[in-house]
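*Asks:* Chains as they are written, first to last, in numbering that gives the first Met the number 0: chain A, 0 to 142; chain B, 0 to 142.
Quick one: the structure is below, questions incoming.
There are 2 protein chains.
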Amino acid sequence: MRIGELCQATGVGIETIRYYEKEGLIPAPARTDNGYRNYGSAHLERLSFIRHCRALDMPLAEIKRMLGFVAHPDADCGDINRLIDEQLARVRVRLKSMRALEKQLSQLRAHCGAGHTAAECGILHELVAAAQGEACACHTKAP
Amino acid sequence: MRIGELCQATGVGIETIRYYEKEGLIPAPARTDNGYRNYGSAHLERLSFIRHCRALDMPLAEIKRMLGFVAHPDADCGDINRLIDEQLARVRVRLKSMRALEKQLSQLRAHCGAGHTAAECGILHELVAAAQGEACACHTKAP
DNA sequence: AAAAACCCTGTAGTGACTTCAGAGTCAATA
DNA sequence: TATTGACTCTGAAGTCACTACAGGGTTTTT
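Below, the structure is given as structure tokens:
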């Protein structure tokens, strides 16, 4: 199976496959006479596994650890649990801040409809005022 | 005001301040005799504005546009509204995918408590199975 | 025979910083 | 006075996970 076929089979871009090889996430495959990469089903499975983990937004370093567990089936399962827990914690932190962000932005958006000049824009006023509030209240030294 | 003081006043790292200057988000300040950057209150306000926009996760390019509106108060306000709408749309897309992610991960996490080997781990089984399902069903050409 | 499609390597670019190396400047201390 | 420590400077490189490109070779199709 050539790289283009692997790309078709997994939906992973050719450049990305080569990148994963360079980064050591998939082993370097055998080459045909003309130097083309020649993949087998093990590569396909491993690449799909990687993409599934990436779809869970795991960093490549964590995926490497997961691949280590796949390769060592007698390792302790607790480490896998911890890894997923860490990932879940990261996702929840980001989720929380995204929710706050959505709220802030939609509130901000409500401060202005169209048809004004920038000088009259409630959005801009809010942003400038918020910036001033922050700069004065939060970080400056004693007066 | 030296760069360290501006850093204190705004909570923005020194290197980040220099980076913003290089990228043209804040104007290059005057220098003292020894070559140190010398900031005024206009810099402080502008930097706070930038950080507030960054806290809304706006890309620097959009923030540049916002700063343009601040500088041209007679511009049309509709552009500001559009900019915020775009940002809000981006945030909502990401929020949706983060929610899905959280769900997937917590479901995955439920497949295993501790105390097994990796071979017996429900999480690993799920991931491997999911990868196989994806590789077979979604992308391969006709059999 | 020529064109299109595929593959190769190696390098650079993305965004928004962060870190580092190597050097100069300034205030306070031994 | 010497020197320590804190601050500042520039410019380059590193981060993450790709993506795009330049410049070439190979295979398949027309």
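Even for Gly, the Cβ is constructed at its ideal location relative to N, Cα and C.
The structure displayed is predicted, hence computed values, not measured ones.
State the DSSP-derived secondary structure class of Thr116 of chain A, mapped to helix, strand or coil.
*Replies:* What you label residue 116 of chain A is simply residue 117 of the first sequence in a count that begins at 1. Strand at Thr116 of chain A.
*Asks:* Please determine if the stretch 115-132 of chain A and the stretch 108-117 of chain B are in contact, where contact requires at least 3 C-beta pairs separated by less than 8 Å.
*Replies:* The stretch 115-132 of chain A vs the stretch 108-117 of chain B: no contact.
*Asks:* Alpha carbon to alpha carbon, what distance is there between Leu55 of chain A and Asp73 of chain A?
*Replies:* Here residue 73 of chain A is taken as the residue at index 74 of the first sequence, counted from 1. Here residue 55 of chain A is taken as the residue at index 56 of the first sequence, counted from 1. If I take the Cα positions, the gap works out to 24 Å.
*Asks:* Indicate the three-state DSSP secondary structure (helix, strand or coil) for Arg98 of chain A in the structure shown.
*Replies:* Numbered from its first residue, the first sequence carries residue 98 of chain A at position 99. Looking at Arg98 of chain A - three-state DSSP - the assignment turns out to be helix.
*Asks:* If we cut at 8 Å on Cβ distances, does Ile62 of chain B have a partner in chain A?
*Replies:* Residue numbering aside, residue 62 of chain B sits at position 63 when the second sequence is read from its first letter. Output row for Ile62 of chain B: interface = no.
*Asks:* For the alpha helix (DSSP H) that Arg50 of chain B lies in, which residues bound it at each end?
*Replies:* Position 51 of the second sequence, counted from the start, is the residue given in the question as residue 50 of chain B. It spans 40-54 - the alpha helix (DSSP H) in which Arg50 of chain B sits, taken as one unbroken run.
*Asks:* Can you tell me the Cα-Cα spacing of His71 of chain A and Ile25 of chain A, whole angstroms?
*Replies:* In the first sequence, residue 71 of chain A corresponds to position 72, counting from 1. In the first sequence, residue 25 of chain A corresponds to position 26, counting from 1. C-alpha separation (whole angstroms): 16 Å.
*Asks:* Quick check on Ala88 of chain A: does DSSP put it in helix, strand or coil?
*Replies:* Working through the first sequence from its first residue, we reach residue 88 of chain A at position 89. Three-state DSSP puts Ala88 of chain A in a helix.
*Asks:* DSSP beta-bridge partners for Asp75 of chain B?
*Replies:* Walking along the second sequence from the start, residue 75 of chain B turns up at place 76. A:Thr116.
*Asks:* Classify Thr9 of chain A as buried or exposed, calling it buried when 16 or more other Cβ atoms lie within 10 Å of its own Cβ.
*Replies:* As a position in the first sequence, residue 9 of chain A is number 10, starting the count at 1. By the 10 Å Cβ count, Thr9 of chain A comes out buried.
*Asks:* Give a yes or no on whether 8 Å exceeds the smallest Cβ distance from His51 of chain B to chain A.
*Replies:* On the second sequence, residue 51 of chain B is found 52 positions in, with the first residue counted as 1. Yes - at least one Cβ of chain A is within 8 Å of the one on His51 of chain B.
*Asks:* Do Leu100 of chain B and Leu46 of chain B have their C-beta atoms closer together than 8 Å?
*Replies:* Counting from one through the second sequence, the residue named residue 100 of chain B turns up at place 101. Counting from one through the second sequence, the residue named residue 46 of chain B turns up at place 47. The answer is no: Cβ separation not under 8 Å.
*Asks:* For the stretch 82-100 of chain B, which residues have a beta carbon sitting closer than 8 Å to at least one beta carbon of chain A?
*Replies:* Under the 8 Å Cβ criterion, the stretch 82-100 of chain B contributes Ile83, Asp84, Gln86, Leu87, Val90, Arg91, Arg93, Leu94, Met97, Arg98, Leu100.
*Asks:* If Arg1 of chain B and Asn37 of chain B are in contact, beta carbons under 8 Å, what's the gap, nearest whole angstrom?
*Replies:* As a first step, residue 1 of chain B must be located in the second sequence, where it is residue number 2. As a first step, residue 37 of chain B must be located in the second sequence, where it is residue number 38. Right, their Cβ atoms sit about 7 Å apart.
*Asks:* Roughly how many angstroms lie between the CA atoms of Cys137 of chain A and Glu22 of chain B, to the nearest whole one?
*Replies:* Indexing the first sequence from 1 puts residue 137 of chain A at position 138. Indexing the second sequence from 1 puts residue 22 of chain B at position 23. Caution applies to Cys137 of chain A, whose pLDDT of 40 falls short of 50 and renders its modelled position unreliable; the model cannot decide the point.
*Asks:* Could you check whether the Cβ of Pro72 of chain B sits closer than 8 Å to any Cβ belonging to chain A?
*Replies:* Position 73 of the second sequence, counting from 1, holds the residue named residue 72 of chain B. Yes, Pro72 of chain B counts as interfacial toward chain A.
*Asks:* Residue range of the alpha helix (DSSP H) that Arg64 of chain B falls in?
*Replies:* Indexing the second sequence from 1 puts residue 64 of chain B at position 65. Where Arg64 of chain B is concerned, the enclosing alpha helix (DSSP H) stretches over 59-70.
*Asks:* Taking 8 Å as the CB-CB cut-off, is Pro142 of chain B touching chain A?
*Replies:* Working through the second sequence from its first residue, we reach residue 142 of chain B at position 143. Note that Pro142 of chain B scores a pLDDT of 28, beneath 50, so its modelled location is shaky; the value from the coordinates is reported in the next line. No, Pro142 of chain B does not count as interfacial toward chain A.
*Asks:* Could you check if Asn35 of chain B is buried or exposed, using at least 16 other CB atoms within 10 Å of its CB as the buried criterion?
*Replies:* Within the second sequence, residue 35 of chain B is the residue found at index 36, counting from 1. The amino acid at residue 35 of chain B is misidentified as Asn; the sequence shows Tyr. Flag for Tyr35 of chain B reads exposed.
*Asks:* Could you tell me which residues DSSP puts in a beta bridge with Ala29 of chain A?
*Replies:* Looking up residue 29 of chain A in the first sequence gives position 30. Answer by DSSP bridge pairing, in chain order: A:Asn37.
*Asks:* Cβ closer than 8 Å: which chain B residues qualify as neighbours of Ile79 of chain A?
*Replies:* Here residue 79 of chain A corresponds to residue number 80 of the first sequence, with the count starting at 1. Those are Cys111, Ala117, Cys120, Ile122, Leu123, listed as they occur along chain B.
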